Amino acid sequence: MAQDKPVRVRFAPSPTGYLHVGGARTAIYNYFFAKATGGTFYLRIEDTDRKRYNEEALKDLMRDLKWLGLQWDEGPGCEGGCGPYFQSERLDIYHREIQKLLDSGDAYYCFCTEERLQEVRAAQEKAGVSVTGYDRHCRNISREEAEARIAAGEKAVIRFKVPETGVTEFDDMIRGHIEYQNELLDDLVLIKRDGYPTYHFASVVDDHLMGTTHVLRGDEWISSTPKHMLLYKAFGWEPPKWVHLPVILDKNGGKLSKRKGAASVGDFRDLGYLPETLVNYLALLGWNPGDDREVMTVKEMVDCFTLERINPKSASFDEKKLQWMNGQHIHQCDDEFLAGFMMEGLKAKGINVDGEPKERIAEIVKLLKPRAHFMQDLADQSVYFFVAPATYDEKGKSKQWGPGSKEIASAVRNALANVETFTTPNIEKAFMDLTVSRGCKLGDLVGAVRLAVSGVTAGPGLWELFEVVGKEETLRRIDVALPMMG
RNA sequence: GGCGAUAUCGUCUAGUGGUCUAGGACGCUGGCCUCUCACGCCGGUAACAUGGAUUCGAAUUCCAUUAUCGCUACCA
97 MAQDKPVRVR FAPSPTGYLH VGGARTAIYN YFFAKATGGT FYLRIEDTDR KRYNEEALKD
157 LMRDLKWLGL QWDEGPGCEG GCGPYFQSER LDIYHREIQK LLDSGDAYYC FCTEERLQEV
217 RAAQEKAGVS VTGYDRHCRN ISREEAEARI AAGEKAVIRF KVPETGVTEF DDMIRGHIEY
277 QNELLDDLVL IKRDGYPTYH FASVVDDHLM GTTHVLRGDE WISSTPKHML LYKAFGWEPP
337 KWVHLPVILD KNGGKLSKRK GAASVGDFRD LGYLPETLVN YLALLGWNPG DDREVMTVKE
397 MVDCFTLERI NPKSASFDEK KLQWMNGQHI HQCDDEFLAG FMMEGLKAKG INVDGEPKER
457 IAEIVKLLKP RAHFMQDLAD QSVYFFVAPA TYDEKGKSKQ WGPGSKEIAS AVRNALANVE
517 TFTTPNIEKA FMDLTVSRGC KLGDLVGAVR LAVSGVTAGP GLWELFEVVG KEETLRRIDV
577 ALPMMG
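Encoded structure:
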C-alpha cells in the first residue's frame, strides 16, 4: 500500500465541551500516523454550530492536546499554508464552493420551515415507512424562482441533490468495503439558514482544500460517509482514504461520560495520571504494536505505528489497567522530575520545603517512587518526612498500640538512642540486636514505632524511613506517642 | 422501523485454514521476597456469541440468527 503523496491528517474537534478520551484517542492516532509517515498533523476547529460554541472549551481543548504532547504542525497558533483553521473564518470559502454545486444543479434552495419538516417526519413515523428523511419538497424549484424569493426576503437553506438511485461505495481502511443504497439517503442540508455550513459540507470542502489524505474519525461517521463520497463526486474531487475508528466505552459497555466518572483528559490529569500514561493506554485501546510490548513511549509507538493494526471493535475503558500503567510510567520517570512534582504538591499542602537539602528530597523520592500509582501519591505519602503526624491511623492504633506495646516501643526507643550514626545499616543492626536480646521476632518490634513516627501503617522500609526522618525527630515522635500506647 | 458497523478469557488484546488441548497484559487468586505497604519474581483462574455451510481440517472463509453500538437534525 504505497503512499503516493505525503500524509496530511487532521484532528477536527468541535469546541463544545471538554476533550473526551475518545476524541483524544482520535487525535493520538492522527498524530501517530502523521509522525510515523513523516506527514503533517493539523488542527482544525469545527465551530460551525454557533449555539453550542464555547470559548472555554476551545482553550481547554488546545491546552489538553498540548499536555498530551500532541502538538499540531499547523493550526491555531501555528498557521500553515491552508488557513484559516477555524471554520467560522472560512465562510467565504463555503459560499464560493456552494455556488459550484448550485451551478451544476447538485444543490438547491429549500424554503421548508422547521414546522413543515417536523410534520413530514411525524407523518413518516406514523405511516411506518422504511425510508425516512426530507421529502424533497423544494427539489424542483427553479434557480430563478428560488433566487427571486430570496431577493424578496425569504429565508432558505441549501440542500444537496442526492441521486435517487444507484449505490455509493467506499473502502474503509480498517473495515473494508462498505456500500449504501442511494435511495436511503436524503437531501442533506449543506448551508444552514444562518449561512453557516453543516459539518458534512464544511468538512468535505476543508478536507479537500486543506489537502487531507486520510480521514481518521469516529465510527459514528460511517453512515454519513456515502453522503460525503457523493459530495466529492459532485465536486469532481478525489476523496481521501477513510479510516473509521471504534469508540471507547465505559466498563459496562455504555458511553464514557462525566456523570459516571472521569471521562475527559482533564479529569485524568487531575486524578494524577501522567500524559505519557494516558497516551500509551489510549493508543493500546484498539491498537497493538504487533508484539507483546505494552508499556511504551510515544517514540516507540510512533516507530511501529500502522493503521492496519487498529482494531475495528469498540473497547471498554479499564481504569484498573490505566492505574497499573501509570505506576509503570512513574517508575520510568527520572527522579528529578518526580522530586519537582512532589515539592510542588507539598507546597500546595502548605508545607515549606525550600530549605530541604536536595539529597534528602532525592532519598524520599527513591523510597516513594516504587509505591506511587498516582502523581499526588508522592506528596501525600511524604508529608511525615517533614511534619510530625498530627493524627494516627485508627486501625493501626488498635492493632499496634495494644497491651504491651508501650514496653516494646520504649525498648526500641532506647536501642535507637544508642545508635551513634543513625544510618540504615546501623538502625537495622539495633533492631536485630534487640530481637536477640529479647528473644522475639522483628515483626514484634516494628509496628508500634512505625505508627508513632509516620502516623500510618504502610510505607517504605522502617530503617530507611527512620534515617530520613532523623534520629532526634524519630526519638521525639516515639516519646510523643508512648503515652497513647497500652 | 430502516440502514450500517461490531462480535476470542471479567477487561485490553495475539491469532488471517493445520504449529490452538487458543498466547500475552490488567484484574482476581496461591506462593516467594519481607519489618509494614508497595515493587519484583514464580504459579493458578478464565474466552473463540449461536446455528448452518465450504473444507480432509475452521477462532480463522461464507450465510443466517442473536446481541451491542452508531446513523436516520438547519449538532458535530
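In terms of my numbering, the first sequence opens at residue 97 and continues consecutively.
Quick reminder that beta carbons are idealized off the backbone N, C-alpha and C, glycines included.
Source: prediction; values computed, not measured.
>> Checking the sheet assignment: what are the DSSP bridge partners for aspartate 489?
In response: Per DSSP, none; premise fails for aspartate 489.
> Does the separation of the CB atoms of tyrosine 125 and leucine 341 fall below 9 Å?
Replying inline: yes
> By Cβ distance, which residues of its chain are closer than 7 Å to glutamate 152, with the 5 residues on each side in sequence left out?
Replying inline: none
>> Please identify the residue among Val508, Leu381, Tyr377, Lys251 whose C-alpha is closest to the C-alpha of glutamine 419.
In response: Tyr377
> Hey, would you say valine 532 sits closer than 9 Å to asparagine 522, going by beta carbons?
Replying inline: no
>> According to DSSP, valine 351 sits in a beta bridge with which residue or residues?
In response: The sequence given here places lysine at residue 351; valine does not occur at that position. In DSSP, lysine 351 forms a bridge with Leu345.
> Among Ala108, Gly118, Val103, Thr112, which residue has its Cα nearest to the Cα of alanine 645?
Replying inline: The question about residue 645 has no answer here: the residues shown for the chain are numbered 97 through 582.
>> Suppose contacts are defined by Cβ-Cβ distances below 9 Å. Is valine 549 in contact with phenylalanine 527 by that definition?
In response: no
> Grouping DSSP H, G and I as helix and E and B as strand, with all else coil, what is valine 263?
Replying inline: strand
> What runs of the beta strand (DSSP E), each 3 residues or longer, lie entirely inside the region 215-259?
Replying inline: 253-256
>> Can you tell me whether isoleucine 246 is buried or exposed? The criterion is at least 16 other CB atoms within 10 Å of its CB, across all chains shown.
In response: exposed
> Where does valine 564 fall in DSSP's three states?
Replying inline: helix
> CB-CB under 8 Å to proline 259, same chain, minus the five flanking residues each way: which ones, in chain order?
Replying inline: Asn278, Leu326
> Does DSSP put lysine 101 in a helix, a strand or coil?
Replying inline: coil
> Taking C-alpha atoms, which residue in Asn150, Ala244, Gly113, Leu164 lies nearest to alanine 120?
Replying inline: Leu164
>> Just to confirm, is the Cβ distance from glycine 171 to arginine 140 under 9 Å?
In response: yes
> By Cβ distance, which residues of its chain are closer than 8 Å to threonine 553, with the 5 residues on each side in sequence left out?
Replying inline: Asp489, Lys491, Gly492, Lys495, Gln496, Gly543, Arg546, Leu547
> Around the C-beta of proline 466, are 16 or more other C-beta atoms found within 10 angstroms, so that it is buried, or is it exposed?
Replying inline: exposed
> Does the beta-carbon distance from tyrosine 114 to aspartate 363 come in below 9 Å?
Replying inline: yes
> How about tyrosine 138 and methionine 306: do their beta carbons lie closer than 9 Å?
Replying inline: yes
>> Can you confirm whether the region 297-305 touches the region 235-245 when touching is taken to mean that 3 or more C-beta pairs between the two stretches lie within less than 8 Å?
In response: no
> What's the gap between the Cα of phenylalanine 481 and the Cα of proline 453?
Replying inline: 13 Å
>> I need the straight-line Cα distance from isoleucine 287 to isoleucine 189, nearest angstrom please.
In response: 12 Å
> Alpha carbon to alpha carbon, how far is valine 565 from glycine 451?
Replying inline: 15 Å
> Which first and last residues belong to the alpha helix (DSSP H) in which alanine 548 is found?
Replying inline: 538-550
> Which residues does DSSP pair with arginine 106 in a beta bridge?
Replying inline: Tyr138
>> If we require 3 or more residues per run, which beta strand (DSSP E) segments fall completely within the region 322-400?
In response: 337-341
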